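In the numbering used here, the protein residues as written are 62 to 344.
In structure tokens:
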């Protein structure tokens, strides 16, 4: 079994990250000598990723007693992998450029009076889906910014509507990626989004068990479809609870009070972190 912890070096790790890392490491540990725990840096946001945050990730994880297989995979070093995956989807006729700004999307939804909703709010209304190739090319030539969206209906027709995926905590699912609509898979200046990168990376690293927060449970429906379209192996998943603050809100990187480096400065030990998060296994 191979698991991974995949933080973004865009801020300091907090207790929520510690929970995710320990959860993945524990799953690998349960497999004994057959278990591997990997580390990946999800740094496609090159404007916000910083070397000091990457160094802090290593420091915090080592402080927790974690070790991982080398080398660490950095997404920023594998943009060509994502370009190739995009090219394959484009060859299938599944991508289209979207030139809409967020404001324009909101205005279009308002004009329609109602729009299908997904777990994150109203779905993209498909404004650019019907653009002719000529019109799209003209807009690109004019220097317009754009995103590449997945035509979800075409993707379902080609990839299958009865795709199964298994979560070891929640059971077996039939993939329903349509709940997310025509998601963005890349942008003009960045050849990938989280959704595309994560499925390519998991395949490249031979991940057999994807562990992550339950807030990404819905996204897994889309990832299962992308795996089918790209001919990638299908892992199992195990989504876990989120660590929240005293008001029940999910911890964020801006919440410095719960950052591991802050807690360490306040005298916390790794054992206290384990106890706080409910982990009892020895490291």
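Note that the Cβ used here is the ideal one computed from N, Cα and C, for glycine as well.
Nothing here was measured: the structure is a model prediction, and the numbers come from that model.
Burial state of residue i, where buried means 16 or more other Cβ atoms lie within 10 Å
i	result
residue 326	exposed
residue 319	buried
residue 136	buried
residue 146	buried
residue 103	buried
residue 354	Look at the range of the chain in this structure, 62 to 344, and you will see that residue 354 is not part of it.
residue 273	buried
residue 262	buried
residue 247	buried
residue 193	exposed
residue 296	buried
residue 171	exposed
residue 50	The structure shown does not extend to residue 50, since the chain is modelled only from 62 to 344, so the question has no answer here.
residue 182	exposed
6 Å CB neighbourhood of residue i in its chain, flanking five on each side removed
i	result
residue 279	180
residue 234	226
residue 208	159, 245, 248
Rounded Cβ spacing between residue i and residue j (contact assumed at less than 8 Å)
i	j	result
residue 157	residue 190	6 Å
residue 210	residue 160	At roughly 11 Å, the Cβ-Cβ gap does not stay under 8 Å, so residue 210 and residue 160 are not in contact.
residue 258	residue 118	Contact doesn't hold; Cβ gap of about 18 Å is too wide.
residue 216	residue 224	Not quite, the Cβ-Cβ distance comes to about 11 Å (not below 8 Å), so this is no contact.
residue 287	residue 149	That pair is no contact at about 10 Å.
Cutoff 7 Å; reference residue i; Cβ partners in own chain excluding five residues on either side
i	result
residue 221	289
residue 187	243
residue 252	140, 143, 144, 147
residue 322	73, 117, 121
residue 343	Only weak support exists for where residue 343 lies, its pLDDT of 47 falling under 50; the coordinates are left without a value.
residue 271	263, 296, 298
residue 66	81, 82, 85, 100
Cutoff 8 Å; reference residue i; Cβ partners in own chain excluding five residues on either side
i	result
residue 97	62, 63, 64, 89, 130
residue 276	303, 311
residue 229	270, 297, 298, 299
Could you tell me which whole beta strand (DSSP E) segments of length 3 or greater appear in the segment 136-183? 156-159
Can you confirm whether the segment 81-90 touches the segment 123-135 when touching is taken to mean that 3 or more C-beta pairs between the two stretches lie within less than 8 Å? yes
Taking 8 Å as the cut-off, does the segment 264-284 touch the segment 234-248 (at least 3 CB pairs, one atom from each stretch)? yes
Threshold first: 3 residues or longer. Then list the beta strand (DSSP E) segments lying entirely within the segment 221-303, N to C. 225-228, 232-235, 245-248, 270-274, 297-301
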